[in-house]
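Numbering follows UniProt numbering, with no gaps: position 510 of the sequence shown is 510. Notes follow once the structure below has been shown.
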Amino acid sequence: MINYQSDLNFQQLSVVQNGDGPCLVLAGAGSGKTRTITYRVAYLLEKGVNPQNILLLTFTNKAANEMIARIKILTGQPAKLPFSGTFHSLANKILRQYANLIGYQNNFSILDEDDSQALLKLSLKKFKPNTDGRFASVKVLKSIISYARNAQITIDDVLDLKYPQWLQWTENIKNMANDYADQKKQANAMDFDDLLLNWLLILNRLDIQKILSNQFEYILVDEYQDTNQIQASIVRQLSLIHNNVLAVGDDAQSIYSFRAADVKNILDFAKKFPNAKIFKLEINYRSTQEILELANDVIANNLKQYQKELRTLTSTGIKPILQPQADQSQEARFVVSRIKDKLEAGLSSQEIAVLFRAAFHSQMLEMELIKAGIAYDYRGGLRFFDRAHIKDVLSYLRLFNNLADVPAWLRVLRYEEGIGPSAAEKIVSAVKSAGNVDEIIPIGQNILGNKAKQGWYNFTRIWERLLEIDKKDISALIMSIKESRYSEYLEAEYVDARERLQDIEQLAVFAEGATDLSNFLAEVGLQESYAGPLGLTKSTVQNNEKIVLSTIHQAKGLEWDSVFVINLASGGFPSDYAFKERGGLEEERRLFYVAITRAKRNLYLTYPYEGHGYNSGGPSLFLEEISSSLLDDKSFLNSSRSLVLDDETKNVHYISEEDAWKPKPGSFLRDVDDL
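What follows is the structure, given as structure tokens:
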């Protein structure tokens with residue numbers, strides 16, 4: 001027998017013992033969500049519920065496997081839960097029984113992303129519009145179609161919301177989507193979106209709906225705040241007979257709207273399930289009370305939410321530390337110095353994380369970590385200089401510096417339409433006779449066929465922009481590439497074109513002050529050559545002694561002793577785009593809340609005083625909302641005093657208004673109200 005009273009706190013116990021009927025469990029960060037779900041399933045099994053009648057829905061196989069393993073340990077029984085797993089895996093299992101009812105054979109194939117794009121490419125060829133410029137790539141088209149299906153909105157709405165540059169081709173894209181659907185049906189194949197849509201489709205048949213909703217006496221859903229409209233509809237349909245739905249999630253951690261997750265599913269749970277019971281798990285087993293009080297204060301500014309107050313059972317600690325810095329370089333050096341202090345004090349590397357809103361925020365920090373010989377594990381993408389678009393821009397600069405650089409030629413020509421390996425080889429050979437960068441433009445006209453000439457013309461449009469810039473202004477050279485038709489290429493090829501363009505802006509910031517192109521390219525090329533990979537000995541890397549650098553989205557569900565949240569600057573976090581999207585600002589605030597609640601004992605918040613490009617500098621709106629008593633020192637946000645940046649030391653500090661009128665040589669003043 002399981003001793004529920006001793007194993008669970010009173011909030012968890014209430015869920016486990018009283019979870020019949022429609023129930024919404026608001027599980028705050030670090031409150032033992034997984035523990036509560038597993039004990040609830042164990043409780044049902046102990047009460048004699050047949051495992052066949054329990055449906056456990058998760059978002060990852062890892063989560064499902066972890067829960068099943070815990071349940072086996074709790075119950076001491078080898079019995080499996082046949083209907084536990086991700087939405088997609090269970091859709092596949094059920095559709096194998098009923099696919100024939102919707103025009104498929106039961107041996108249907110499941111298309112992976114490469115398979116899906118291969119089919120959609122055929123549709124693209126049929127309905128691609130005649131246009132002088134680039135058209136959306138297969139990846140972008142797949143994203144448009146997928147988002148429309150998962151969010152249950154029209155392609156017109158998706159284009160208007162996310163891809164306005166393709167609005168004029170709406171009918172073409174609709175035709176591609178319809179043709180793609182026909183091809184899948186003819187091939188007896190489903191993509192990942194089809195698994196969910198077809199599961200819902202068979203549930204619309206009253207006979208199947210009755211069979212399945214009668215079978216699943218108890219339905220448990222993990223991370224309910226991450227469900228999209230289709231998943232929420234599936235849950236409702238399956239619960240029509242027994243009405244036993246235990247939806248576990250946290251509206252304050254709903255941060256995946258870009259994947260079509262809809263926070264309204266959890267906010268409107270009581271409307272969809274009348275007489276629903278609402279439980280709150282507010283006892284946090286991760287963070288100190290000081291960190292939780294900051295998290296509570298931040299999320300309190302959201303209007304659309306369930307009110308919760310996280311509290312801890314652990315000992316108290318120190319208040320979160322807010323520390324602005326002169327600029328991004330100084331911010332990076334500050335973070336690295338604090339990381340060094342913690343490592344020297346004996347804290348494990350694996351207990352330290354630096355979190356940021358977007359991948360391009362990390363570039364300065366990566367450089368400082370490499371120089372300091374501190375290994376890091378990058379989550380949420382590639383390291384800065386490993387990213388394809390950064391390599392593209394650097395290849396243009398390499399050619400501008402050295403026309404004989406064959407690998408750089410092959411890289412910049414590879415995405416120009418009409419230029420294949422043979423044409424590229426001709427160009428490389430012909431360029432060898434050019435004396436300088438001004439002489440290469442006419443080369444392609446004499447040696448290329450008509451299709452390749454168009455590609456060469458597109459390349460020369462970028463090259464001509466470079467020729468207009470002083471070779472010593474490397475930052476301006478980079479921005480000229482970003483503002484050329486290379487940006488059209490990114491927008492056509494990539495779903496995340498906006499983030500890639502911001503990466504290039506960040507590269508331009510990194511190049512500010514550099515005047516020798518050869519030296520700059522050498523510095524970039526040598527970034528990972530400090531004493532081996534990441535500036536470390538092989539033995540250190542093999543021991544996996546790495547701190548974590550991560551986007552906040554990738555950090556959800558994880559925890560560390562010490563967390564640094566960087567670039568909390570106006571224009572950087574929240575993103576400017578958040579103000580243009582419905583509910584965008586509240587989701588950004590939830591993202592900040594997630595970042596805060598990753599920290600167990602130490603939390604550092606930083607921002608650059610001087611802004612660049614996307615980042616206007618000064619504190620984030622979210623920092624200005626924080627109650628002053630919750631930070632170690634909030635004087636940096638106190639508008640009654642003036643902020644001083646010392647040019648020599650690059651330190652930022654406050655002085656009184658009286659002293660502000662007595663500036664010392666080598667410093668300048670700015671009133672906080674002007675930030």
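Beta carbons are placed, not taken as given, at the ideal position from N, Cα and C, and that holds for glycine. These numbers were taken from a predicted model, which means no experiment stands behind them.
Contact between the segment 22 to 29 and the segment 301 to 311 is present, with at least three C-beta pairs closer than 8 Å. N150 and K139 have their C-alpha atoms spaced approximately 16 Å apart.
A straight line joining the alpha-carbon of S518 with that of E464 spans about 20 Å.
Under DSSP, L585 forms no beta bridge with any residue. When the beta-carbon positions are compared, S123 and Y163 stay at least 9 Å from each other. In the three-state reduction of the DSSP assignment, I299 falls in the helix class. If the five residues before and after A136 are omitted, its C-beta is found closer than 7 Å to the C-beta atoms of W166 and A492, all from its own chain and listed in chain order. With contacts defined by Cβ atoms closer than 9 Å, I54 and L203 do not form a contacting pair. Contact between N100 and G85 does not hold, since their C-beta atoms are separated by about 23 Å, which reaches or exceeds 8 Å. Judged by beta-carbon spacing, V15 lies within the 9 Å limit of L281, meaning their Cβ atoms are closer than that value. In the structure shown, Q105 adopts coil according to DSSP, grouped into three states. Going by beta carbons, L347 and L549 fall outside the 9 Å limit. Taking N265 as the centre and dropping the five residues before and after it, the same chain places the C-beta of Y224, T227 and A232 closer than 7 Å to its C-beta, in chain order.
Separation of the CB atoms of S562 and N602 is rounded to 4 Å, and the pair is thereby assigned contact status at 8 Å.
Rounded to whole angstroms, the Cβ separation of R286 and G30 is 3 Å, and the two are in contact under 8 Å. At a Cβ-Cβ threshold of 9 Å, G317 and E290 count as neighbours. The DSSP-derived three-state label of D226 is helix. Between the alpha carbons of E610 and S213 lies a gap of roughly 58 Å. For S84, the enclosing beta strand (DSSP E) starts and ends at S84 to T86.
In this structure, H88 sits near L195, with a CB-CB distance shorter than 9 Å.
Collapsing the DSSP output to three states places G444 in a helix.
For L507, the enclosing alpha helix (DSSP H) begins and ends at A497 to A511. Taking the Cα positions, Q5 is about 7 Å away from L13. Taking the C-beta atoms as reference points, L240 is found no nearer than 9 Å to I102. The Cβ-Cβ distance between A189 and I110 falls below 9 Å. Per DSSP, D377 lies in no alpha helix (DSSP H); the unbroken beta strand (DSSP E) holding it starts and ends at Y376 to R379. Taking C-alpha positions only, L355 is separated from I441 by approximately 44 Å.
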